[in-house]
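> Starting off with a structure, shown below.
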Amino acid sequence: MSKTRYDKFPEVAVSGYDHCAWQGREPIVATLKASLARRPRTVLIVDCYPGVRLHDLETQLLADLGAVLTINVETARRDRQALHDLLARNLTDDRVFGVLSCHQLAEFFDSARLSVLRAEVEQVQCGLVIVYGPGASLVHPGDVLIYADLPRWEIQQRMRSGELGNWGADNADEEMLRRYKRAFFVEWRVFDRHKTPLLRRMDYLLDTTRRDTPALVSGDALRAGLAQTTQRPFRVMPFFDPGVWGGQWMKEKFDLDPSAPNYAWCFDCVPEENSLLLRFGAVRIEIPSQDLVLLEPRALLGEKVHARFGAEFPIRFDFLDTVGGQNLSFQVHPLTEYIQQQFGMHYTQDESYYILDAIPGATVFLGTKTGTQPQAMLADLHAAQRGEKAFDDARFVNAIPARKHDHFLIPAGTVHCSGAGTMVLEISATPYIFTFKLWDWGRLGMDGLPRPVHLAHGEQVIDWQRDTDWVMKNLVNRIEPLAEGDGWREERTGLHEREFIETRRHWFTAPVTHHTHGGVNVLNLVEGDEARVESPSGAFEPFIVRYAETFIVPASVGEYRISPTGEGQTLATVKAWVRG
Numbered sequence: 026m027s028k029t030r031y032d033k034f035p036e037v038a039v040s041g042y043d044h045c046a047w048q049g050r051e052p053i054v055a056t057l058k059a060s061l062a063r064r065p066r067t068v069l070i071v072d073c074y075p076g077v078r079l080h081d082l083e084t085q086l087l088a089d090l091g092a093v094l095t096i097n098v099e100t101a102r103r104d105r106q107a108l109h110d111l112l113a114r115n116l117t118d119d120r121v122f123g124v125l126s127c128h129q130l131a132e133f134f135d136s137a138r139l140s141v142l143r144a145e146v147e148q149v150q151c152g153l154v155i156v157y158g159p160g161a162s163l164v165h166p167g168d169v170l171i172y173a174d175l176p177r178w179e180i181q182q183r184m185r186s187g188e189l190g191n192w193g194a195d196n197a198d199e200e201m202l203r204r205y206k207r208a209f210f211v212e213w214r215v216f217d218r219h220k221t222p223l224l225r226r227m228d229y230l231l232d233t234t235r236r237d238t239p240a241l242v243s244g245d246a247l248r249a250g251l252a253q254t255t256q257r258p259f260r261v262m263p264f265f266d267p268g269v270w271g272g273q274w275m276k277e278k279f280d281l282d283p284s285a286p287n288y289a290w291c292f293d294c295v296p297e298e299n300s301l302l303l304r305f306g307a308v309r310i311e312i313p314s315q316d317l318v319l320l321e322p323r324a325l326l327g328e329k330v331h332a333r334f335g336a337e338f339p340i341r342f343d344f345l346d347t348v349g350g351q352n353l354s355f356q357v358h359p360l361t362e363y364i365q366q367q368f369g370m371h372y373t374q375d376e377s378y379y380i381l382d383a384i385p386g387a388t389v390f391l392g393t394k395t396g397t398q399p400q401a402m403l404a405d406l407h408a409a410q411r412g413e414k415a416f417d418d419a420r421f422v423n424a425i426p427a428r429k430h431d432h433f434l435i436p437a438g439t440v441h442c443s444g445a446g447t448m449v450l451e452i453s454a455t456p457y458i459f460t461f462k463l464w465d466w467g468r469l470g471m472d473g474l475p476r477p478v479h480l481a482h483g484e485q486v487i488d489w490q491r492d493t494d495w496v497m498k499n500l501v502n503r504i505e506p507l508a509e510g511d512g513w514r515e516e517r518t519g520l521h522e523r524e525f526i527e528t529r530r531h532w533f534t535a536p537v538t539h540h541t542h543g544g545v546n547v548l549n550l551v552e553g554d555e556a557r558v559e560s561p562s563g564a565f566e567p568f569i570v571r572y573a574e575t576f577i578v579p580a581s582v583g584e585y586r587i588s589p590t591g592e593g594q595t596l597a598t599v600k601a602w603v604r605g
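This note's numbering puts the first residue of the sequence shown at 26, with every later residue one more than the last.
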């Protein structure tokens, strides 16, 4: 299998701010000392996302600034039991699913102890006062404000290594599923609400992603960089993860670590989890790509999408690799009303499988066989969950041949999974953890623990009308020719009418003109080696995209053109956007 030139570290080059970022301890300390020396008394606030290494922050950066008073705001945080009691309704007893939190960060602190810290700050009349830690700005707004940030993916890596538990929980030895659940449903929601206004006014952002390699960028430069990003196509930094069912296609095609057992997932465009790499001259800053969504939602998403979803990126592109691997878990996603009532999400996880590649004999499991009796199938699933037998998938579920460039639509409520031997581009709505596993083929997870099965949830949302005839008519290769011209043709490939995402495929040997029509576009080059994305008016620098790379075209871009970079190529893109 030949390798591609897939770029695993795509950057956005920010213009006009080459000297506004610094990397390494000494340049950062020197920059901060110069900034702090302008007042007789200065309060430096270093607010942080949970997961920032506070000991490293204090000993490797803050200790060199010569403060007369240094305060860790976490001394005013509520204790572990108080936080647990506060969050019990959101955390639930389930290993995977909680309820989205609407808490404000101040609720997690003892108000009396915060008042004591504020008084301590006010008592200092001369010199430097530093308040640091998650929530530091609750003590003082700051004469100088730094926000220390890192992406969610890095937080998960620190959790997996055993370094990190949940914020305020002292639970680094708890199973990963439960720690991730608490972060997803509570911490990240609360801290995103807290940091958004801080990002708008901060003096500096501190990138704490890489240990011993901190990087600092001025707030003005970062905000300008984010604004520039919304005026051009760009990619977020993908990450790859092994799984019990994972395959070998991505490892070989994308030149990944050959020592890994497999790669199951690639989050190629999930801004809530991915990083965004911004280059300021010689310095690269890695931030959560969610920061772009939080600060520039209108330019990025467009007015209609922003009005509907708020500061959330609603479209997800990711890869599922079972080539040389195993079947995914047999699963179903919740209906909209169920996800709203049970978990506090306002839209559900509709999705589709676009087949990038497949070996002969590969299948996708989709919908129930005509004539299936719900109680018979559920009884079989319950017996399988009890370990009495294997689920009889051949009796109850459609196994549909999967070939390269097939597109399977999967509206919520449809039982499904990809079989072994497929390389799937999954195009879906963003709520990405709401998968109710119905059967997992009797496997343990990579951690040696049983993988969670959620039959109690799943049986509440299965749409039993999605049988063989309905699936083949409505969900398999709903390809509709729409238009063609000299060297190109356009096809509608989905999604289903119950799904808010529209997808189009363009085959082309000549340039094709596209338009965002006021809404964000997400595309993947599903055929061909390389294409060039450019502005007909020269509004942005030409952007090169390679095979299997996902890229985002912000709503504000408007018209753009995609062209082959060489002669004799037949290329294809799949484009997704939110229906109006």
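Heads up, the beta-carbon is just placed ideally off N, CA and C, and yes, glycines get one too.
According to DSSP, is L94 helix, strand or coil?
Reading the sequence shown from its first residue, position 69 is the one you call residue 94. The answer is strand: DSSP assigns L94 an E or B state.
> So what does DSSP say about D375, is it helix, strand or coil?
Here residue 375 corresponds to residue number 350 of the sequence shown, with the count starting at 1. D375: coil per DSSP, three-state reduction.
> Are the region 553 to 567 and the region 502 to 513 touching, with three or more C-beta to C-beta distances below 8 Å?
Touching, no, given that fewer than three Cβ pairs across the two stretches are closer than 8 Å.
> N549 to R530, Cα distance in whole Å?
Your numbering for residue 549 matches position 524 in the sequence shown. Your numbering for residue 530 matches position 505 in the sequence shown. In a straight line, the C-alpha of N549 is about 10 Å away from that of R530.
> Taking the alpha carbon of E297 as the reference point, which residue from F209, C73 and V149 has its own alpha carbon closest?
The sequence position of residue 297 within the sequence shown is 272, counting from 1. The shortest C-alpha separation from E297 is found at F209.
> What does D174 pair with, by DSSP beta-bridge criteria?
Here residue 174 is taken as the residue at index 149 of the sequence shown, counted from 1. According to DSSP, D174 bridges with D232.
> Strictly under 7 Å for the Cβ-Cβ distance: is A249 near chain D by that measure?
Within the model displayed, chain D is absent; a lone protein chain is all it includes.
> Ignore the nearest five residues each way along the sequence and tell me which others in V318's own chain have a CB closer than 6 Å to its CB.
Translated into positions along the sequence shown, residue 318 becomes position 293. Correct list, in chain order: P296, A336 and F338.
> If you draw a straight line from the C-alpha of D375 to the C-alpha of P313, how long is it?
Against the sequence shown, residue 375 aligns to sequence position 350. Against the sequence shown, residue 313 aligns to sequence position 288. Taking the straight line from one Cα to the other gives about 24 Å.
> What's the call for L469, buried or exposed, on a 16-neighbour Cβ count within 10 Å?
As a working mapping, residue 469 is identified with position 444 in the sequence shown. L469 comes out exposed.
> Residue ranges of each beta strand (DSSP E) run of no fewer than 3 residues wholly in the region 497 to 529, ordered along the chain?
Here the runs fully enclosed are 505 to 510 and 513 to 519.
> Among V121, V98, L153 and R503, which has the Cα closest to the Cα of D135?
Walking along the sequence shown from the start, residue 135 turns up at place 110. Comparing Cα positions, the closest option is V98.
> To which residues does DSSP link C45 through a beta bridge?
The count along the sequence shown starts at 1 and reaches residue 45 at position 20. DSSP, once it has assigned bridges, lists no residue as partnering C45.
> Quick check on the burial criterion: 16 or more other C-beta atoms within 10 angstroms. Buried or exposed for G160?
The sequence position of residue 160 within the sequence shown is 135, counting from 1. Burial call: buried.
> Run the CB neighbour count on H65, radius 10 Å, all protein chains shown included, and call it buried at 16 or more, exposed below.
Residue mapping note: residue 65 aligns to position 40 of the sequence shown, counting from 1. His is not the amino acid found at residue 65; the sequence shown has Pro there. Classification of P65: exposed, given that the 10 Å Cβ count is below 16.
> State the start and end residues of the unbroken beta strand (DSSP E) segment that holds T254.
Sequence index remark: in the sequence shown, residue 254 carries index 229 (1-based). Per DSSP, T254 belongs to no beta strand (DSSP E); it is in the alpha helix (DSSP H), G244 to T254.
> Should A409 be labelled buried (16 or more other beta-carbon atoms within 10 Å of its own) or exposed?
By one-based count along the sequence shown, residue 409 stands at place 384. Buried.
> Going by C-alpha distance, which of Q594, L520, V308 and V570 is nearest R30?
One-based indexing of the sequence shown puts residue 30 at position 5. Among Q594, L520, V308 and V570, the Cα nearest to that of R30 is on V570.
> Determine the direct distance from the alpha carbon of L87 to that of E147, and round the result to whole angstroms.
Within the sequence shown, numbered from 1, the residue matching residue 147 stands at position 122. Within the sequence shown, numbered from 1, the residue matching residue 87 stands at position 62. Roughly 20 Å between the two C-alpha positions.
> Quick one: give me the first and last residue of the beta strand (DSSP E) that T598 is part of.
Residue mapping note: residue 598 aligns to position 573 of the sequence shown, counting from 1. Start and end: L596 to V603.
> Quick one, which of A307, R341 and E328 has its alpha-carbon nearest N299's?
As a first step, residue 299 must be located in the sequence shown, where it is residue number 274. Among A307, R341 and E328, the Cα nearest to that of N299 belongs to R341.
> In its own chain, which residues sit with a C-beta less than 6 Å from the C-beta of W178, not counting the 5 before and 5 after it?
One-based indexing of the sequence shown puts residue 178 at position 153. These residues qualify, in order along the chain: F264 and E298.
> With DSSP as the reference, label I180 as helix, strand or coil.
Here residue 180 refers to the residue found at position 155 when the sequence shown is read from its first residue. It is helical.
> Among T95, W213 and V124, which one has its Cα closest to the Cα of F459?
Along the sequence shown, one-based indexing puts residue 459 at 434. The shortest C-alpha separation from F459 is found at V124.
> Count the other CB atoms, across all protein chains shown, that sit within 10 Å of the CB of E212; report buried if there are 16 or more and exposed otherwise.
Your numbering for residue 212 matches position 187 in the sequence shown. By the neighbour-count rule (16 or more Cβ atoms within 10 Å), E212 is buried.
> Which partner residues does G158 have in the DSSP bridge list?
If you number the sequence shown from 1, residue 158 lands on position 133. Its beta-bridge partners are D72.
> Do the CB positions of L251 and L320 come within less than 7 Å of each other?
Here residue 251 is taken as the residue at index 226 of the sequence shown, counted from 1. Here residue 320 is taken as the residue at index 295 of the sequence shown, counted from 1. In contact: L251 and L320 (Cβ atoms closer than 7 Å).
> So for F368, helix, strand or coil by DSSP?
Walking along the sequence shown from the start, residue 368 turns up at place 343. In this structure, F368 counts as helix in the three-state DSSP scheme.
> So, do the region 367 to 384 and the region 283 to 295 have three or more beta carbon pairs nearer to each other than 8 Å?
No, the region 367 to 384 does not touch the region 283 to 295.
> Any idea what DSSP makes of P313, helix, strand or coil?
By one-based count along the sequence shown, residue 313 stands at place 288. Of the three classes helix, strand and coil, the one that applies to P313 here is strand, per DSSP.
> Within this structure, are the beta carbons of V93 and G158 separated by less than 7 Å?
Numbered from 1 along the sequence shown, position 68 holds the residue referred to as residue 93. Numbered from 1 along the sequence shown, position 133 holds the residue referred to as residue 158. No, the Cβ-Cβ distance between V93 and G158 is not below 7 Å.
> Using only CA atoms, which one of P561, H430 and C442 lies nearest to R503?
Position 478 of the sequence shown holds residue 503. Checking every option, the nearest Cα to that of R503 belongs to H430.
> Is N191 helix, strand or coil by DSSP?
Position 166 of the sequence shown holds residue 191. Note: N191 maps to coil in three-state DSSP.
> According to DSSP, which residues form a beta bridge with E559?
Counting from 1 along the sequence shown, the entry for residue 559 is found at position 534. Answer is R586.
> With DSSP as the reference, label T575 as helix, strand or coil.
Within the sequence shown, residue 575 is the residue found at index 550, counting from 1. Here T575 sits in strand by DSSP.
> Look at the Cβ atom of L69, then the Cβ atom of A101, and state whether they are nearer than 7 Å.
Position 44 of the sequence shown, counted from the first residue, corresponds to residue 69. Position 76 of the sequence shown, counted from the first residue, corresponds to residue 101. Cβ atoms of L69 and A101: not closer than 7 Å.
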